[in-house]
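If you read the protein sequences in the order shown, they are chains A and U.
Quick note, the first sequence lines up with residues 1 to 133 if you use our numbering.
Quick note, the second sequence lines up with residues 134 to 266 if you use our numbering.
Working notes, structure below.
2 protein chains.
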Amino acid sequence: MKIGELAKRTDCTVQSIRHYDKEGLISASARSEGNFRLYDKSTVDRLMFIKHCRSLDLSIIEIRQLLQLSDSPDERCDEINRMIDSHVIEVEQRINDLQSLRKQLKSLRNSCSDKRTVKQCGILSNLSRHGNI
Amino acid sequence: MKIGELAKRTDCTVQSIRHYDKEGLISASARSEGNFRLYDKSTVDRLMFIKHCRSLDLSIIEIRQLLQLSDSPDERCDEINRMIDSHVIEVEQRINDLQSLRKQLKSLRNSCSDKRTVKQCGILSNLSRHGNI
DNA sequence: TCTAAACTCTATACTAACAACAGAGTCAAG
DNA sequence: CTTGACTCTGTTGTTAGTATAGAGTTTAGA
């Protein structure tokens, strides 16, 4: 099948498929006479796997590792577990950062009511606490 | 003062100051004979303001708007309030997304114990639920 | 006065994961 | 045999810087 059909079947854009191709996550089983990428249907599964991983925000590098690991079915899967563990930690760190950011923004927002002028704006004056901008 | 001193006083890197300069957030009051940027001390405050905004994850575009607004002290500050409001909403959206992501990753992680092989790995098999990769 | 170190300049490439083109070529239906 | 849909490669843009390269400037000490 050509790239357009693969895109439809997996609900990916053609561009992102080409991107994954260039990054080596998938590869065309052949090229047509006119140089079109030809994929076989196993690529649909592979691409769904990639999509699933991306939806979990795994990076292309991490996905490449997973795909490589799946080629060594008899090795221990510690690496996979570790990858997910460290990913969870990263996500939790980002959540914490954002929650603290949210707090700061909320308190900043509370320092001004609507219907003031820029000159009186509590937000602006808080943002420039130590001097005139 | 030259860019190095400004960097020290504000705890910014020289590069990022040049970046803000290029983006029009600050500007050198003059250039030395040898083409070095010369800043006056009001720039310290302006740069601290910018740093503060960046620490709240406001974009350079938003900061530029704030700086422009501060030049019109008698206008209403609605825009500023709205900017912060929408920023809070964005942050909250990102937090929600990440929390759902965290849940998925946790449950994925629970599908595999350490000390299995890749072939038996619950994580990998979950990631490729609908076919072989 | 000379020189070496420290500083600064511009310009470019790099980061992640694509999206959005341009300009060209290919293919299928009518 | 043409037209429209599809595909190709390559380039640029996104964010907010960081990290160079290679050149020029300034300052302190000998």
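Glycine included, each C-beta is placed from N, C-alpha and C at the ideal position.
Within 10 angstroms of the Cβ of residue i, are there 16 or more other Cβ atoms? Answer buried if so, exposed if not.
i	result
Ser128 (chain A)	buried
Thr43 (chain A)	buried
Phe182 (chain U)	buried
His19 (chain A)	exposed
Ile89 (chain A)	exposed
Ile61 (chain A)	exposed
Asn35 (chain A)	exposed
Asn214 (chain U)	buried
Arg37 (chain A)	buried
Ser84 (chain U)	As displayed, chain U neither begins before 134 nor continues past 266, which places residue 84 (chain U) out of reach and without an answer.
Ser203 (chain U)	buried
Arg179 (chain U)	buried
Under a CB-based cut-off of 9 Å, is residue i close to chain U?
i	result
Thr13 (chain A)	no
Arg102 (chain A)	yes
Met48 (chain A)	yes
Ile80 (chain A)	yes
For residue i, would you say it is in contact with chain A, using Cβ-to-Cβ distances shorter than 9 Å as the test?
i	result
His152 (chain U)	no
Gly157 (chain U)	no
Arg209 (chain U)	yes
Gln232 (chain U)	yes
Ser160 (chain U)	no
So which residues on chain U does residue i lean against when the C-beta distance must stay under 7 Å?
i	result
Lys106 (chain A)	Val221
Lys8 (chain A)	By Cβ distance, chain U contributes nothing, its closest Cβ being about 16 Å from Lys8 (chain A), past 7 Å.
Arg94 (chain A)	Leu231
So which residues of chain A does residue i contact, with C-beta pairs closer than 8 Å?
i	result
Asp218 (chain U)	Arg109
Find the residues of chain U that neighbour residue i, judging by a C-beta separation of less than 8 Å, and give them in chain order.
i	result
Leu66 (chain A)	Leu257 and Leu260
Lys115 (chain A)	Arg209 and Asp211
Could you name the residues of chain A that residue i contacts, counting a contact when the two beta carbons are closer than 7 Å?
i	result
Ser203 (chain U)	Val118, Leu124 and Ile133
Quiz item: In the region 167-194 of chain U, which residue ranges form an unbroken alpha helix (DSSP H) of at least 4 residues, counting only runs that do not cross its ends?
Solution: Within the region 167-194 of chain U, the complete alpha helix (DSSP H) runs of at least 4 residues are 175-188.
Practice problem: Compile a chain-ordered list of the residues in the region 50-64 of chain A whose CB is closer than 7 Å to at least one CB of chain U. | Solution: His52, Cys53, Leu56 and Asp57
Self-check item: Against chain U: residues of the region 33-46 of chain A by CB proximity under 8 Å
Solution: Ser42, Val44, Asp45 and Arg46
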